[in-house]
Amino acid sequence: MVTLCSISCALFASFYIHKGFFWLLITNGSVMVNDVMAYVFGKTMGRTKLIKLSPNKTVEGFIGGGISTVIFAYYVRLFFIFLTKFCLDVSSYF
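Heads up: the sequence shown begins at 1 in the numbering used here, then just goes up one per residue.
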């Protein structure tokens, strides 16, 4: 009985911790990738000013950060599908 309870609790905890890790990585990672890539694109290719309120923001940085964020989220999704293919039901994630 103790063994059955400990195994079921471990499986339950690993499922929800794993699912939470996906959302943590997607949200925090997307914000970090957007900030870093907007800076890189803005510094390397930025010519057109975005807004007068913040003079260092450029349209090129805004677009480059957005595209990089979409690419990051797509590859994180593929990574988690690959990671969970053999252990968990993937349909509950997406």
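Just so you know, even glycine gets a beta-carbon here, dropped at the ideal spot from N, CA and C. Bear in mind that the values here come from a model prediction, so they are computed numbers and not experimental data.
For lysine 49, the beta-bridge partners assigned by DSSP are Thr58.
In terms of CA proximity to glycine 29, Ala73 leads the group Lys49, Phe79, Ala73 and Leu78. Sixteen is the threshold: since fewer than 16 other Cβ atoms of the shown chains lie within 10 Å of the Cβ of glycine 20, the residue is exposed. Ranked by Cα distance from methionine 32, the first of Phe80, Leu53, Gly66 and Pro55 is Gly66. Contact between glutamate 60 and methionine 37 fails: their C-beta atoms lie close to 11 Å from each other, not under 8 Å.
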